[in-house]
Each structure stands twice: as C-alpha cells, then as structure tokens.
Amino acid sequence: MDSRSIKDLLYEQVSRIGKAVSSPKRLELIELLSQGEKTVETLARQLSADVKLTSAHLRTLKEARLVVFRREGPYVIYRLAGDDVAGLWVNLRQVAEANLAELQVAVQRMVAHPDKLSRIGCAELMAKARRQEVVVVDVRPAEEFDAAHLPFARSMPLAEIRKRLSELPKDLEIVAYCRGPFCLMSDEALTLLRKHGYRASKIREGVSEWQAAGLPLEQAAPGRSPVKEAVAASKQQRSRNGGATRRLESAANHMPKS
C-alpha cells in the first residue's frame, strides 16, 4: 500500500466519528449519556423520541465505538465508551458556539435569565461552597447526580424543588446547575427560586464541562439503578395515561344523551 492510500485510510477511519456525530439527535444522546448510563427507554423519553428510533441512533454510535452497552434483565443499558467522548461533545459545542453566529443567537434566546449567570469562576465557586457562603444545587434527576456531580453540590431535582424549598437558606445565594449550556432545567429552577424570594444564580457548566476542564467531580454511593429509574418512569407514564383515560370516560358518561 502506497503512502497516499495509507493517508486516505487514516482519514477515512477518523471520518467515521464525524459521520456518527453528524446527527442532532445523536449529539443529544452523547450529552445525555455524559450524565451517566441510561436504559434505551430512559434515553427515548429524554430525547422525546420513540424507542425504535433511539435504538437506531445508539447502534450508529456503537458502530463508531463511541458507546458501549450491557444488559440487565430485559433492559439494555448504554454508557459512553470513555470520558474522551464527553470531551468530544464539549469541544465540538465550544467550536460551534465560537464560530456560528446563528448558534450564539439561539443560545441567547433560550436563556431565560442571561443577567443571572454567576460571574464567579469555577475555582472561586467551589471555594465559596466549601466555606458555606453559597449553596450549590444540582437540579438534574437524582440518578445523574449519583453518577457524578460538582463538589459540595446537593441534589435537588427540578421536579422536587417546589416541595423542598424549606431546605434552602434564605440568607445565602443559591447557585444552580444542570446538564450544561443547552439545558433549561437550571433556568426553570431559577425562575421558581426567585419567585419565592431566594437570591439565585446559575452556572452554564455541567459535569461534562467541569470534567473537560480537568476539575474534580464526586460520586454518590451507592448509585441509583438506571433500570429502577426506567421502571419508575414507565409506571408514572402508565399512571398518567390511566388518569387521562378515566377523565375521558367520565366526560363521556356525563355527556347529554341525544
């Protein structure tokens, strides 16, 4: 094989990664999996896609060696092949934000409180959290917090904040974070906290950005099972569907007879 053929082969192999991440949905899957391992069902729900389409995207990522999977009973659980895959997502997003004006405008539009971004750096934030001068809250689902979270952060999933407001001090600033710059959970948390009189801000960075910067993360032990999370979500969905069915049946029973 001559040198030109060898170079073509090398670039062709690298291009497999580019092809694998050329889909918006597959990029989002990488971001979701950078929060921790998940079942196909959980990924489909978080992706707002059906299981069949989600599985197809995951197969493409697997063929490019970007994800691996294991089985637990009837469930297939995926995770990233390595921390470098999460770093690839962070670097790709940063390049896009630096060079695409359209993306910059879109990011500004999606941020509900651009004036409430925390102005302090990561190191200073951790120093303040260590001295208990701020409270850092992780508003992602609890199983993602268990997989990895910022030091000194406390888990307060977005769905639970309203019920747990009494756990937060009013005399300290609350700093929220979620999955990263493209995640809106911290914005929703910020709106709720400020509505109830808390001094609140947020940081754009999530665990992927934190890790890519070489900063330490912590893990909760033991972690919640991704299968248990998928089963719980499935039960909640069936409960909601059942409630909707009962309401429809009740409405039909009360309709005037013609």
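Using this note's numbering, read the sequence shown as starting at -12 and increasing by one per residue. Ideal Cβ placement from N, Cα and C applies to all residues, glycine included.
Excluding five sequence positions before and after R186, the CB atoms of its chain that fall closer than 6 angstroms to its own CB belong to E160, given in chain order.
For T26, the beta-bridge partners assigned by DSSP are I64. A Cβ-Cβ contact shorter than 8 angstroms links S142 with A129. Rounded to whole angstroms, the gap between the alpha carbons of L16 and R166 is 12 angstroms.
Looking at R118, A110 and S188, the one whose alpha-carbon comes closest to that of L202 is A110. For P213 against T26, the beta-carbon gap comes to about 5 angstroms, under 8 angstroms, which counts as contact.
Distances from the alpha-carbon of V1 to those of R52, L14 and K12 put R52 closest.
For D174, the number of other beta carbons within 10 angstroms of its own is at least 16, and it is reported as buried. Spanning the alpha carbons of A88 and W76 requires a straight line of approximately 19 angstroms. Cβ atoms of V194 and L179 stay farther apart than 8 angstroms, at about 22 angstroms. For the options D(-5), I4, E24 and R13, the alpha carbon positioned closest to that of E131 is the one of E24.
Our two residues, M(-12) and D(-5), have alpha carbons roughly 11 angstroms apart in a direct line. DSSP places V121 inside the beta strand (DSSP E), whose first and last residues are V121 to D125. For K(-6), the uninterrupted alpha helix (DSSP H) run begins and ends at S(-10) to A7, by DSSP.
Minimum Cα-Cα distance from A140 among the listed residues E154, V122 and L152 corresponds to V122. Looking at the DSSP output, E160 shares a beta bridge with V121. R141 has V124 as its beta-bridge partners, per DSSP.
S188 is bridged by DSSP to V162.
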